[in-house]
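Numbered per full-length UniProt numbering, the sequence shown finishes at 441, counting up by one with no gaps.
Glycine residues also receive a C-beta, built at the ideal position from the N, C-alpha and C atoms.
All values derive from a computational prediction rather than experimental measurement.
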Amino acid sequence: MKLHIEHDNSGQSSGWFLDKIVVTDLFEPKTQYVATCNQWLAKDEGDREISRDLTLHKQQSTTQKSNYYKITVYTGNKSGAGTDSDVFITLYGKLGETGPTKLANQENNFEAGKKDEFTIECQNIGELNQILIAHNNKGLSSGWFLDRILIEDTQDHRTYEFPCNRWLAKDEDDKQIARYLVPRQKVRNNLYKVTVFTGNKSGAGTDADVFITLFGNQGQTGQTKLDNKTDAFEAGKKDEFTVECPAVGEINKILIEHNNKGLSSGWFLDRILIEDTQDHRTYEFPCNRWLAKDEDDKQIARYLVPRQKVRNNLYKVTVFTGNKSGAGTDSDVFITLYGKLGETGPTKLANQENNFEAGKKDEFTIECQNIGELNQILIAHNNKGLSSGWFLDRILIEDMQDHRTYEFPCNRWLAKDEDDKQIARYLLPKGAMLAEKELAD
Numbered sequence: 001m002k003l004h005i006e007h008d009n010s011g012q013s014s015g016w017f018l019d020k021i022v023v024t025d026l027f028e029p030k031t032q033y034v035a036t037c038n039q040w041l042a043k044d045e046g047d048r049e050i051s052r053d054l055t056l057h058k059q060q061s062t063t064q065k066s067n068y069y070k071i072t073v074y075t076g077n078k079s080g081a082g083t084d085s086d087v088f089i090t091l092y093g094k095l096g097e098t099g100p101t102k103l104a105n106q107e108n109n110f111e112a113g114k115k116d117e118f119t120i121e122c123q124n125i126g127e128l129n130q131i132l133i134a135h136n137n138k139g140l141s142s143g144w145f146l147d148r149i150l151i152e153d154t155q156d157h158r159t160y161e162f163p164c165n166r167w168l169a170k171d172e173d174d175k176q177i178a179r180y181l182v183p184r185q186k187v188r189n190n191l192y193k194v195t196v197f198t199g200n201k202s203g204a205g206t207d208a209d210v211f212i213t214l215f216g217n218q219g220q221t222g223q224t225k226l227d228n229k230t231d232a233f234e235a236g237k238k239d240e241f242t243v244e245c246p247a248v249g250e251i252n253k254i255l256i257e258h259n260n261k262g263l264s265s266g267w268f269l270d271r272i273l274i275e276d277t278q279d280h281r282t283y284e285f286p287c288n289r290w291l292a293k294d295e296d297d298k299q300i301a302r303y304l305v306p307r308q309k310v311r312n313n314l315y316k317v318t319v320f321t322g323n324k325s326g327a328g329t330d331s332d333v334f335i336t337l338y339g340k341l342g343e344t345g346p347t348k349l350a351n352q353e354n355n356f357e358a359g360k361k362d363e364f365t366i367e368c369q370n371i372g373e374l375n376q377i378l379i380a381h382n383n384k385g386l387s388s389g390w391f392l393d394r395i396l397i398e399d400m401q402d403h404r405t406y407e408f409p410c411n412r413w414l415a416k417d418e419d420d421k422q423i424a425r426y427l428l429p430k431g432a433m434l435a436e437k438e439l440a441d
């Protein structure tokens with residue numbers, strides 16, 4: 001629904017800054033329509049127009065569930081880029097719009113070369129398709145050079161990037177102090193696997209809440225609590241967490257800290273491993289120090305830099321399907337490798353071939369961090385497809401770094417209707433099986 005608004009430019013003070021128009025249906029007073037303008041209708045302001053065509057949006061029900069949007073604003077690094085003006089943002093989505101919202105917190109915001117973070121609570125407006133960013137031109141230094149804005153929808157964990165790279169200033173560029181921006185593309189969130197090793201000293205564990213911030217050449221994550229619902233950070237133990245956030249590029253440092261709460265708050269941190277699951281790079285951050293108010297230098301927060309990026313390894317996996325009738329499977333097959341230095345996590349075995357046919361062998365390559373000498377594997381499928389049952393003969397795995405080959409015999413069904421009805425099996429390497437047999441004898 002469209003709405004046309006204008007004035008006749010008469011009178012001594014004819015210029016008009018229109019915020020928005022609310023239209024109420026008198027037959028249904030609870031139904032309202034909003035047309036947002038947030039522009040001048042003036043011959044000497046803005047684009048000098050005194051008429052506007054606006055779109056009316058039906059106001060969402062006040063009972064609709066609220067959503068939170070995390071807004072990160074990057075001010076450019078030019079001379080005079082910062083602003084003292086009040087800055088306002090309006091989000092537009094498939095389900096409606098937010099109306100103008102002032103971006104304010106307790107900080108001195110919008111300084112040159114800085115980033116500022118805000119949280120907006122409002123109704124869920126669905127997938128974002130544009131924003132309006134504007135300021136009120138007040139203050140001694142009102143002109144503003146905006147680099148870009150990132151907006152994270154905290155409900156569905158989607159992040160949008162809105163590039164600007166222009167002035168919002170009365171004396172720069174096209175003299176505009178309000179701009180509509182469209183998303184370049186939705187920024188894909190990345191997953192970081194964080195493995196924390198607590199030292200083995202007496203009293204090394206902590207009951208405090210632990211937080212991490214990742215810094216990379218493309219940005220930073222913000223403070224994230226490490227919580228996996230287990231009793232974490234015990235002396236001599238390792239704990240694994242997953243951090244989901246926009247990719248920060250190559251990681252160059254981290255901030256690890258705790259809040260000093262709990263009966264035993266002091267913590268001796270050995271090291272942290274961080275795997276970027278998108279580009280399969282792993283970083284090691286040595287610490288080997290206390291984060292404690294009564295130990296070492298009394299600090300409970302430390303910046304750590306990577307010793308070096310842990311070199312990834314290649315494993316060549318050869319799978320032999322048995323030659324029985326119906327031995328092949330149409331299911332997706334997954335493998336997890338376990339070694340002296342860690343594990344790979346489940347990895348789907350896939351290539352361009354029609355794999356896992358009866359009597360055939362299939363070859364795959366897995367790239368991951370070096371996990372040392374292999375001591376077992378987990379092989380499994382998801383039981384999907386017309387023919388899901390699978391008779392696995394054996395698996396050969398070659399460590400391409402040290403050229404050792406391991407054989408994992410199976411010679412059993414992974415099927416819901418065969419053998420013991422299992423579709424996942426832990427397998428030991430042949431040498432280990434022989435050693436176990438000799439010990440038993």
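Going by DSSP, name the residue or residues bridged to Ala301. Glu257
Taking only three categories from DSSP, how would you classify Lys430? helix
Examine the Cβ distances between the stretch 247-266 and the stretch 164-174 and report whether three or more of them are shorter than 8 Å. no
What would DSSP say about Lys384, mapped onto helix, strand or coil? coil
Quick check: what's the CA-CA separation for Thr63 versus Leu95? Bear in mind that the predicted position of Thr63 carries a pLDDT of just 43, short of 50, making it unreliable; the figure below should be weighed with that in mind. Whole-angstrom Cα-Cα distance: 15 Å.
Which residue's Cα is closest to the Cα of Ile379: Leu392, Ile371, Leu191? Leu392
For Ala424, which of helix, strand or coil comes out of DSSP? strand
Helix, strand or coil for Thr329 per DSSP? coil
For Asn288, the first and last residue of its enclosing beta strand (DSSP E): 281-291
By the three-class DSSP mapping on this structure, what secondary structure does Thr344 have? coil
If you draw a straight line from the C-alpha of Thr83 to the C-alpha of Glu107, how long is it? 13 Å
Would you check if the stretch 245-255 and the stretch 312-323 touch, i.e. whether three or more CB-CB distances between them fall below 8 Å? no
Would a C-beta distance cut-off of 8 Å place Ile366 and Thr344 closer than the cut-off? yes
Spatial neighbours of Lys2 in its chain, beta-carbon cut-off 8 Å, leaving aside the 5 residues before and after: Asp53, Leu54, Thr55, Leu56
On a Cα-Cα basis, can you pick out the residue from Ala81, Thr154, Thr101, Cys122 that is closest to Asn38? Thr101
For Gly80 and Asn228, the rounded distance between their alpha carbons: 45 Å
Quick check on Arg179: does DSSP put it in helix, strand or coil? strand
Could you compute how far the alpha carbon of Ala232 sits from the alpha carbon of Asp239? 6 Å
Through-space distance from Ile50 to Asn9, alpha-carbon basis: 7 Å
Thinking C-alpha only, which one of Phe356, Phe334, Arg404 is nearest Arg425? Phe334
Are the beta-carbon atoms of Thr347 and Trp390 separated by less than 8 Å? no
To the nearest angstrom, how far is the alpha carbon of Leu91 from that of Leu214? 28 Å
Quick one: residues in its chain with C-beta nearer than 7 Å to the C-beta of Asn200, no 5 flanking neighbours on either side, listed in chain order? Ala235, Gly236
Contact belief for Asn190 with Gln123 at Cβ below 8 Å, rounded distance in angstroms: The pair is not a contact, with the Cβ atoms about 28 Å apart (cut-off 8 Å).
Mapping DSSP to helix, strand and coil, what is Leu263? coil
Less than 8 Å separating the beta-carbons of Arg166 and Arg158? no
Got a sec, what are the start and stop residues for the beta strand (DSSP E) Pro409 sits in? 404-414
Spatial neighbours of Ser387 within its chain, please: CB distance less than 8 Å, with the 5 preceding and 5 following residues excluded, ordered by chain position. Gly326, Gly328, Thr329, Asp330
Strictly by DSSP, which residues pair up with Ala134? Phe88, Ala178
Keeping to the same chain, check which residues put their C-beta closer than 8 Å to that of Cys164; ignore five residues upstream and five downstream. Ile133, Leu146, Asp147, Arg148, Ile149, Arg179, Leu181
Name the one or two DSSP bridge partners that Ser66 has. Gln123
Could you pull out every residue in the same chain whose Cβ sits closer than 7 Å to the Cβ of Glu295, ignoring the five residues on either side in sequence? Gly266
If you check the beta carbons only, do Glu121 and Ser66 fall under 8 Å apart? yes
Give a yes or no on whether the C-beta atoms belonging to His258 and Asp209 are separated by under 8 Å. yes
Exposed or buried, Ala301, counting other C-beta atoms within 10 Å across all chains shown (16 or more means buried)? exposed
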